[in-house]
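J.: One structure, as structure tokens, below. Some questions next.
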Amino acid sequence: MRVGIDAIAIAVPHRYIALEDLARARGVDPAKYTHGLGGLEMAVAEPGEDTVALAAQAARRVLTGYDPQKLGLLVVGTETGVDHSKPVSSFVQGLLDLPQTLRVYDTQHACYGGTAALMAALDWIASGAADGRSALVICSDIARYGLHTPGEPTQGAGAVAMIISRDPDVLSIDVGISGTASIHVHDFWRPLGQREAQVDGHYSVQCYLDALGVAFAGWKQRASLRGIDSLARVCYHVPFCKMAKKAHAHLFGDVDYDAGAALHLNARIGNIYTGSLYLSLASLLSAQAAELVGSRIGMFSYGSGCTSEFFSGVVGPRAVERTADLADVLAHRERISVGEYERIMALTEPLPRNGGEVRFTGVVDQRRQYASS
Ligand code: CAA
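Positions -2 to 370 (this note's numbering) are the ones given, in order, by the sequence shown.
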């Protein structure tokens, strides 16, 4: 049975800053951020653009023209949820008025959470438990480190929503051919109650590469047993764009990573944690789907802490039309100054309006409220 990604959509905050502006404000050579880390811009979310709002917007887009009665499962992967108990997926179900017959929950393991959701959906369909139904998988996060920290230029925010189904149009996943690696490390974490992540930056890069090596070896061993020995492209988890290039060099030596295609959205949005691997896939397909139809893509997902998975899939027959407009999400954003970014990062209450289709409006009687237009 062919199972995989049938449709994909993205939502991002309304505002962004240019990394060269941030570098100048921090007294850093802009080339460090644009070449050393590989980014150009970074999405800035105000409190009204929270994980739920972004998830709901991405989900609404991916469901356009789709009958929600065909869904049986909704899973959100996130590491920046809004409640210790009520999952983001529950808010999304209500905001989009999705069927009450859905199984609804969140998955968490740092940036791997979205892949955990994807794998749950694939297994659910491949096992036959779905009984012909499809799944809605959403990755949504606000990546925050803190002003003046080394991680500051690697923040971002956004959501990627995907419909997972049989006979998928975008990417048919090689179910059963994946390699995993998990090690208990303190490379990146966020203690309860803190908005900003803690990170041991250089150590986290090494943890990522170590996990990648083990996960890739597992994939390679299983793939070779099925006669699969090559990949046309590889997409990686992208905490910052240079990391994908380091990862590619780690696996394949000193070869040029085709960064323009697989990273153009990541370079302009920043790290979106759970969604960043799928943002890279969206980048690649929105740029090169026509030449990649029928080709096998490698995918590496890394979640600090850590766990990781290397898997693969074959680009589907309708990937071109399904991904052509993904970059449009950048069209209506507003560039803001570093001063405005600093003001927004200090906010705890949502701005009155942010232009988003779905937005968090505040807490009433200890219940989070959302507006949808
Ligand atoms: N011009 C061009 N390049 C320059 C430069 C200049 N003027 N100055 C420095 N550079 C280069 C450096 O040579 C370096 O490149 P290489 O890594 O290829 O050698 C790069 O810019 C970065 O410089 P530093 O290492 O000195 O930067 P830093 O110490 O300030 O911080 C960082 C880098 C550790 C990645 C930091 O940004 C950070 O902590 N980021 C958050 C953690 C992170 O993203 N970790 C990734 C793995 S964990 C993960 O993937 C999960 C997740 O999503 C967080």
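Ideal Cβ placement from N, Cα and C applies to all residues, glycine included. Please read all numbers here as calculations on a predicted model, not as lab measurements.
Can you pull the DSSP bridge partners for His106?
T.: Walking along the sequence shown from the start, residue 106 turns up at place 109. Its beta-bridge partners are Cys108.
J.: Does the beta carbon of Cys136 fall short of 7 Å from some heavy atom of ligand 1?
T.: The sequence position of residue 136 within the sequence shown is 139, counting from 1. Cys136 Cβ: outside cutoff for every heavy atom of ligand 1.
J.: If you draw a straight line from the C-alpha of Met253 to the C-alpha of Gly35, how long is it?
T.: Taking the sequence shown and counting its residues from 1, one reaches residue 253 at position 256. Taking the sequence shown and counting its residues from 1, one reaches residue 35 at position 38. Contrary to the premise, residue 253 reads as Asp rather than Met in this sequence. Rounded to the nearest angstrom, the two C-alpha atoms are 14 Å apart.
J.: Roughly how many angstroms lie between the CA atoms of Tyr205 and His32, to the nearest whole one?
T.: What you label residue 205 is simply residue 208 of the sequence shown in a count that begins at 1. What you label residue 32 is simply residue 35 of the sequence shown in a count that begins at 1. One C-alpha to the other measures close to 20 Å.
J.: Looking at the secondary structure, which residues open and close the alpha helix (DSSP H) in which Ile341 lies?
T.: The count along the sequence shown starts at 1 and reaches residue 341 at position 344. Run containing Ile341: Val335 to Ala343, per the alpha helix (DSSP H) assignment.
J.: Please list, in chain order, all residues of the same chain as Pro65 whose beta carbon is under 7 Å from its beta carbon, the five residues on each side excluded.
T.: Position 68 of the sequence shown, counting from 1, holds the residue named residue 65. Leu95 and Pro96, listed in sequence order.
J.: Given 7 Å as the limit, tell me if Met240 has its C-beta closer than that to any heavy atom belonging to ligand 1.
T.: As a working mapping, residue 240 is identified with position 243 in the sequence shown. Met240 Cβ: within cutoff of ligand 1.
J.: Where does the unbroken alpha helix (DSSP H) through Ser131 begin, and where does it stop?
T.: In the sequence shown, residue 131 corresponds to position 134, counting from 1. Taken as a continuous stretch (DSSP letters only), Ser131 belongs to no alpha helix (DSSP H), being part of the beta strand (DSSP E) at Ser131 to Ala140.
J.: Just to confirm the assignment, what range does the beta strand (DSSP E) spanning Arg223 have?
T.: Within the sequence shown, the letter at position 226 stands for residue 223. Arg223 -> no beta strand (DSSP E), and no H or E assigned at all.
J.: Considering only residues of the same chain and omitting the five flanking positions on each side of Tyr424, which have a CB-CB separation below 7 Å?
T.: This structure cannot speak to residue 424, because the chain is shown only from -2 to 370.
J.: Taking buried to mean at least 16 other C-beta atoms within 10 Å of its own C-beta, is Ser82 buried or exposed?
T.: The residue you call residue 82 lines up with position 85 of the sequence shown. Classification for Ser82: exposed.
J.: Let me confirm a value: Gly148 is counted as buried when at least 16 other C-beta atoms fall within 10 Å, else exposed. Which label applies?
T.: The count along the sequence shown starts at 1 and reaches residue 148 at position 151. By the neighbour-count rule (16 or more Cβ atoms within 10 Å), Gly148 is buried.
J.: How do the stretch 243 to 250 and the stretch 38 to 58 stand: do at least 3 beta-carbon pairs fall below 8 Å, yes or no?
T.: Output reads no: the stretch 38 to 58 does not touch the stretch 243 to 250.
J.: Counting Cβ pairs closer than 8 Å, one from the stretch 326 to 335 and one from the stretch 343 to 350, do we hit at least three?
T.: No: fewer than three Cβ pairs fall under 8 Å.
J.: Taking C-alpha atoms, which residue in Gly295, Val317, Ala40 and Leu16 lies nearest to Arg141?
T.: The residue given as residue 141 occupies position 144 in the sequence shown. Answer by Cα proximity: Ala40.
J.: Rounded to whole angstroms, what's the CA-CA distance from Ser301 to Cys108? Just pull it up for me.
T.: Taking the sequence shown and counting its residues from 1, the one referred to as residue 301 is at position 304. Taking the sequence shown and counting its residues from 1, the one referred to as residue 108 is at position 111. Approximately 7 Å between the Cα atoms of the pair.
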